[in-house]
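Q:
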Amino acid sequence: MYELKPITGRVEEMRRKYRDTRPEMCTARYRLLTDFYQAHPELEGILRRAKAFRYICENIPVRIDPGEVIVGAQSAKYRACALYPENSAIWLKQEIGDGTIQTRDIDPYIISDEDKDYVLGTIDFWMGECMSAKSDAQIADEYFQYDDNGVLLFNARNQAQSPVGHFIAGYETAMHKGFAAIKAEAEEQKARIIEEGMPGDSVDRYNFYRAVAIVSEGMITLTKRYAALAAEQAASEQDPARKRELEAMADTLNHCMEKPARGYVDAVQTLFMYHTCMCLDANMHAISFGRIDQYLVGYYEEDIRAGRITEAYAQEILDLFYLKVAELNKPWGYFHTQSNPGYVSSMLMTLGGVKKDGTDATNPVTYMMLQTMGRLVLHDPPQALRIHKDTPEALWEAAIETTKISGGVPTFENDDVIIPALMGRGLSIEDARNYCLIGCVEPSGTGNEWCCPGGNGTESYLNLVNALWLGINDGHYPLHKRLAVKEGEPIPFPQRQGSATGYLYEMKTFDDVLEAVKKQFEFFVRWQAININSFDYIAREMLPQPTVSATIEGCMESGKDVMSGGAKYNSTGMSGVGIGNVADSLSMIKHLCFDTGKCTTRELYDALVANWAGYEDLLSYIRNEAPHYGNGLRECDIFAEWAAKVFGDACNACTGPRGRYSAGLYPVTTNLMFGRGTAATPDGRRKGEPLADGISPVQQMDTNGPTAILVSVSSIDQVQYPNGTLLNMKFHPNALNGEGGIRKLTDLIRAYFGLGGMEIQINVVSAETLRAAQKNPEDYKNLVVRIAGFSAYFVELQAEGQEDLIRRTELAM
Amino acid sequence: MKGKFYDIQGFSVHDGPGIRLTLFLKGCPLRCLWCHSPESQAFPTQLNRMEVKCTGTETCGRCLPACPTGAVKPGRKKKALAGEGEITLVRVDRTLCNDCGKCAEVCPSKALYLCGTDLSVDEAMEKVRRDKPFYDSSGGGVTVSGGECLCQPDFLLALLTACKAEGIHTAVDTTGYADWSVIERILPYTDLFLYDLKHMDSAKHARGTGVPNERILENARKIAAAGGKMQIRIPVIPMYNDSTEDFDAAGRFISDLGAAVEMTQLLPYHSLGAIKWERLDREGPRVEAAPPTDQLIQARKSQLEALGLCVTIH
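These protein sequence lines map, in sequence, to chains D and U.
Under the numbering used here, the first residue of the first sequence is numbered 1, with each subsequent residue one higher.
Under the numbering used here, the first residue of the second sequence is numbered 1, with each subsequent residue one higher.
1) Would you kindly report the start and end of the unbroken beta strand (DSSP E) that includes Met588 (chain D)?
2) What residues of chain D sit near Met50 (chain U), judged by a beta carbon separation below 7 angstroms?
3) Bridge partners for Phe731 (chain D) per DSSP, in chain order?
4) Is there a Cβ of chain D sitting closer than 8 angstroms to that of Gln315 (chain U), yes or no?
5) Less than 8 angstroms between CB atoms is the rule here; does Phe155 (chain U) satisfy it with respect to chain D?
6) Against Pro706 (chain D), what residues of chain U qualify as contacts under a CB-to-CB distance less than 7 angstroms, listed in chain order?
7) Assuming the contact rule is C-beta atoms closer than 8 angstroms, Phe639 (chain D) and Ala692 (chain D) should be a hit. Round their C-beta distance to whole Å, please.
8) Spatial neighbours of Thr264 (chain U) within its chain, please: CB distance less than 8 angstroms, with the 5 preceding and 5 following residues excluded, ordered by chain position.
9) Using a Cβ-Cβ distance cut-off of 8 angstroms, determine whether Pro133 (chain U) contacts chain D.
10) Any beta carbon from chain U within less than 8 angstroms of Val814 (chain D)'s own beta carbon?
11) For Leu92 (chain D), which three-state DSSP category applies?
12) Could you tell me if Met278 (chain D) is buried or exposed, where buried requires 16 or more neighbouring beta carbons within 10 angstroms of its beta carbon?
13) Would you mind giving the Cβ-Cβ distance between Asp118 (chain U) and Lys2 (chain U), rounded to the nearest angstrom? I have them listed as a contact below 8 angstroms.
14) Nearest chain D C-beta to Gly251 (chain U) closer than 8 angstroms, yes or no?
15) Out of D:Arg205, D:Tyr2 and D:Tyr118, which one is the CA nearest neighbour of Pro546 (chain D)?
16) Taking Cβ to Cβ, would you say Gly352 (chain D) is nearer than 8 angstroms to Leu395 (chain D)?
17) Listed in chain order, which residues of the segment 223 to 252 of chain D have Cβ atoms closer than 9 angstroms to some Cβ of chain U?
18) DSSP on Lys229 (chain U), reduced to helix/strand/coil?
19) Gly724 (chain D): which of D:Ser715, D:Val668, D:Gln699 and D:Gly664 sits nearest, CA to CA?
20) To be precise: take each residue of the segment 19 to 34 of chain U, compare its Cβ to all Cβ atoms of chain D, and keep it if any distance is under 7 angstroms. Which residues remain?
21) For a cutoff of 8 angstroms on Cβ pairs, would you count Arg750 (chain D) as touching chain U?
22) How about the segment 471 to 478 of chain D and the segment 494 to 503 of chain D: do they share at least three Cβ pairs that are nearer than 8 angstroms?
23) For chain D, is any of its Cβ atoms less than 8 angstroms away from the one on Ser138 (chain U)?
24) Looking at C-alpha atoms only, which residue of U:Lys276, U:Lys301, U:Gly284 and U:Tyr269 is the closest neighbour of Ala290 (chain U)?
25) Which full runs of the alpha helix (DSSP H) of 4+ residues lie inside the segment 92 to 119 of chain D, going along the chain?
26) My understanding is that Leu47 (chain D) touches Arg210 (chain D), with C-beta atoms under 8 angstroms, so please give their C-beta distance in whole angstroms.
27) Mind checking if Asn624 (chain D) is an interface residue toward chain U, Cβ cutoff 8 angstroms exclusive?
28) Measure from the C-beta of Ser135 (chain D) to each C-beta in chain U and report whether the shortest distance is under 8 angstroms.
29) For the candidate residues D:Ala82, D:Gly630, D:Ile760 and D:Lys730, whose alpha-carbon lies nearest to that of Thr769 (chain D)?
30) Is there a C-beta anywhere in chain U that falls below 8 angstroms from the one on Glu616 (chain D)?
31) Identify, in the order they occur along the chain, each residue of the same chain with its Cβ nearer than 7 angstroms to the Cβ of Leu112 (chain U), setting aside the five sequence neighbours on each side.
32) Starting from the beta carbon of Leu727 (chain D), find every residue of chain U whose beta carbon is closer than 9 angstroms, and list them in chain order.
33) Would you identify the three-state DSSP class for Asn624 (chain D), choosing helix, strand or coil?
34) Is DSSP giving Phe11 (chain U) helix, strand or coil here?
35) Can you tell which of D:Ala234, D:Asp303, D:Gln238 and D:Arg291 has its C-alpha closest to the C-alpha of Asp266 (chain D)?
36) Whole angstroms are fine: how far does the CA of Ile223 (chain U) sit from the CA of Val261 (chain U)?
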């Protein structure tokens, strides 16, 4: 039986503090950066970034909170975020100015009056200087006529709120080499270029190495400032045990980052300090950790063997490390917060999988990571468990027990699909086997790839459902903001936002419909690539990343920054949202208008425009009787396969400044906000309702249970989506009771992976969820609960039954 | 030939080994007082009324004129989900209703729906095949349940034969209340019986289920003798079959069946089936007791284990 060991008192205390602290905005970084940029108008490009970063390292407040062993902070106050005006000053000015930053319904931040005044007093400097302003100037002229099309998530303008990000630095290089050696390497390269007389355009390479040397210095300086603080605290510490610990911390901090890690604690501290440095450098999203169990196991086993550390202490260090990571959060403008709510930074960690030689990589640290997840129950940082055919039973058990406790953590990733998918993107077999995951579900090489899964600087989601809508509406977005359309009135719009593909009621055959949708998909994929590429061009100049490039394989060799294509592997991601609605809508158009004659194309079109008003019978037929995607019905599933292929092919064929594009099918929570901007759809969705999540079927339309869903989603050839796919499933704990239950869930995931599934996350429903479902039954209509003897929709149970089930759920957990 | 089904459930993890597809056949000769699937009892298709889905006669009410016998009528009032007002739900006068389903055809929210679907073996097999990868990964298969699936013997035999022809593991979930000749025919195509044992005393059995138990016990012995594999299932009903003596008797009987019994499962009574009775406008389940306590179930489990039986709690 899987067992969670109790956490220590100080871990408990820190977790309580984490949960009880309301995030604030800290202006320390903002002030330093503003001072530096204003004092140094002569600097630009990579040197400005490097020197500004070093200046931050030299001056940012350092703090070691009570009980901490692993240290590093981006802010002067606990759980506060840093500010990054060089990305986008526009939303900062607006939301701090009108005070909504403190009152907004998603992820509000506290800011003091003094800080507020300071930001508002200086923000105008950034309005023209920030990345958003610069990238707006790069937008292709032709794009403006297609603006507000409902398909591309973020308007091309002001899109640098959270630029770049989504990468895995070479943490192992940082641990194994240390930044003194990296700096020395950079200095050597500089000397060589000087020796050669700086031929051709090698000045770029020279400046790159110069920048690497500068940021290395900065990171070492910051770490030593922490060492000094630890020594200072040790000197005045009364408790002898803590005093010894602080002295040991001072020793670690004096050594690590600069020199190679000597043991487990050095290695964990390097991991977190380097990570903190990257957070201080830029407002990057999803700076992920990669294969922590693989990085740490050598140090861990050596320390255990030599008796330098106990298992319990190593586990506590890991707990403390996770809590430090959880503390980090980054600010977004309100608009972007809607697609990433919960103060998340998506600093994903990967565990399990195979080694470079293809053998099982499970090790003691893999289990320690699961222990930490299970006993801390944090929603952030997220965790991804790699699964392959020889994943040990014990690891399956530990993982499923963990996912039961912590609600969908870790996610399960299929090596057998992801490795070939990455090889398709150009990774060698060894590098593909050493992959990790970024952000949510995006596969990447570990420390050698710049794959920009979210686009290189923008969030590259596409609302495929609106692309379908434009496909049957001659390229007009029915909810275009410039049109005050009255519900129920089809209006010939003055200007198209997409490709001219005709109206549904003009289409004679179903093939005409498919052709129109295909054109529209291709049209918007192309525009997405154009916008991202335009952004990429200016981002290379504005936001080079020498702190990251210092350890990413390929950059030091080529003398090129990651943003300029220095990494060993390069690509750019896109992600399509709502594939379930597209599949279901296509199959429904065929079923209704071309197969059964239930209605004409004109009637269906009018029904959609009217948001079903006056067409209730048709809607009822669609929702209750017609066949839907997600039920293992081939006649519907083929359209998921078709639509995914059209999108994937279009996406995978695009190229950008650093190389190819890579398709994905995951939404985070954009399916909710996209849904608000999508009119009624043929699948029986009403205007404004959420789109389907990931590759999942349309909500409530899957009535044949989990196996049927898995069969349906497997119709999509997932190897074609190297940027990741996402499938979320909910189970009631009764379905997983006891050892047999765990075994069956394992078998379910195995079978899905055997069918070609790439990723799955399992949500075991909590009593809390059931309470929420009682309050808002509309939002939980498809929540299935298992009652001994039968399954039922929770919201359809009578009140006493619901109460009883909640009680049982509490007991089962 | 068609079978009459009232439900089909994928990812069925409590009805036999591995991940299974459970096919529920409609119709049962027993009338257990605690029945949690009353819609499984009658053989014909029946009208069900799920009150929580009804949107009220004020804005809908299409079922009222659709009913040819006048059985669908305005019923009680309820607070509307949205807004302030009240809505009038519909009710079904079961003395007039002939289960024709005309009301269900027009009901947009499917508050009124027919329970009972006819499928041929081929149609059923299409659903069975869909989940083959899951049976294979888990050592699962198909479970045919009920109602009492032995009451549709020809269809059952054809279905099981088709499953075995495709190498799919089969389980039959049964009350055992059937003619031995029926069981004898399906025995070669049934890998496992999930076999109910409700009471060892025939008179009490009849009081709880409407039928005596002699035939059931006899069939169990015959299956064991013929080399069939069984899991025995005991619904634990308070004040009915949960005493030490009841379990002594049951335990002895199960022990006597010998190696044929792989496992004994205890299914503690619960009242959550009540909603399904309401959907048929029937009074039930007619058991006036609280669900058994965990301590009692554990005690009964230990009691059987002391006899060397392998026992699980459902």
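Glycine residues also receive a C-beta, built at the ideal position from the N, C-alpha and C atoms.
A: Inspection of the coordinates gives the following:
1) DSSP places Met588 (chain D) outside any beta strand (DSSP E); the residue lies instead in the alpha helix (DSSP H), whose first and last residues are Ile579 to Ile589.
2) Chain D residues near Met50 (chain U): Glu796.
3) In DSSP, Phe731 (chain D) forms a bridge with D:Val764.
4) There is no way to answer for residue 315 (chain U), as the model of chain U reaches only from 1 to 314.
5) No, Phe155 (chain U) does not count as interfacial toward chain D.
6) Contact annotation for Pro706 (chain D) against chain U: Gly10 and Phe11 [CB-CB distance below 7 angstroms, chain order].
7) Separation of the CB atoms of Phe639 (chain D) and Ala692 (chain D) is rounded to 13 angstroms, and the pair is thereby denied contact status at 8 angstroms.
8) Hits under 8 angstroms: Gln231, Ile232, Arg233, Ile234, Ile254, Leu304, Leu309, Cys310, Val311 and Thr312.
9) Yes, its Cβ sits closer than 8 angstroms to a Cβ of chain D.
10) Any property of residue 814 (chain D) remains undetermined from this structure, which presents chain D solely from 1 to 813.
11) In the three-state scheme derived from DSSP, where H, G and I count as helix and E and B as strand, Leu92 (chain D) is classed as helix.
12) Looking at its Cβ environment, which holds 16 or more other Cβ atoms inside 10 Å, Met278 (chain D) is buried.
13) Contact annotation, Asp118 (chain U) with Lys2 (chain U): C-beta distance approximately 4 angstroms; criterion of less than 8 angstroms satisfied.
14) Using beta-carbon distances, Gly251 (chain U) does not count as an interface residue toward chain D, since no partner is under 8 angstroms.
15) Of the candidates D:Arg205, D:Tyr2 and D:Tyr118, the one whose C-alpha sits nearest the C-alpha of Pro546 (chain D) is D:Arg205.
16) Yes, the pair counts as a contact, with Cβ atoms nearer than the cut-off.
17) Along the segment 223 to 252 of chain D, none of the residues has a CB nearer than 9 angstroms to a CB of chain U.
18) The answer is coil: DSSP assigns Lys229 (chain U) none of H, G, I, E or B.
19) It is D:Gly664 whose Cα lies nearest to the Cα of Gly724 (chain D).
20) So the list reads Ile19, given in the order they occur along the chain.
21) Chain U contact via Cβ: present.
22) They touch, by the three-pair rule.
23) So yes, Ser138 (chain U) belongs to the interface.
24) Nearest of U:Lys276, U:Lys301, U:Gly284 and U:Tyr269 to Ala290 (chain U), Cα basis: U:Tyr269.
25) Secondary structure remark: continuous alpha helix (DSSP H) runs of at least 4 residues inside the segment 92 to 119 of chain D, in chain order: 100 to 103.
26) Confirmed, about 7 angstroms.
27) Chain U contact via Cβ: present.
28) Not one beta carbon of chain U lies nearer than 8 angstroms to the beta carbon of Ser135 (chain D).
29) The residue from D:Ala82, D:Gly630, D:Ile760 and D:Lys730 with its alpha-carbon nearest to that of Thr769 (chain D) is D:Lys730.
30) Interface residue, yes.
31) For Leu112 (chain U), same chain residues with a beta-carbon under 7 angstroms away, outside a window of 5 residues either side, are Leu47, Arg49, Cys63, Cys103 and Ala104 in chain order.
32) Under the 9 angstroms cutoff, chain U gives no residues; its nearest Cβ is about 14 angstroms from Leu727 (chain D).
33) Here Asn624 (chain D) sits in helix by DSSP.
34) Phe11 (chain U): strand per DSSP, three-state reduction.
35) Considering only alpha carbons, the answer is D:Asp303.
36) If you take the alpha carbons of Val261 (chain U) and Ile223 (chain U), they lie about 10 angstroms apart.
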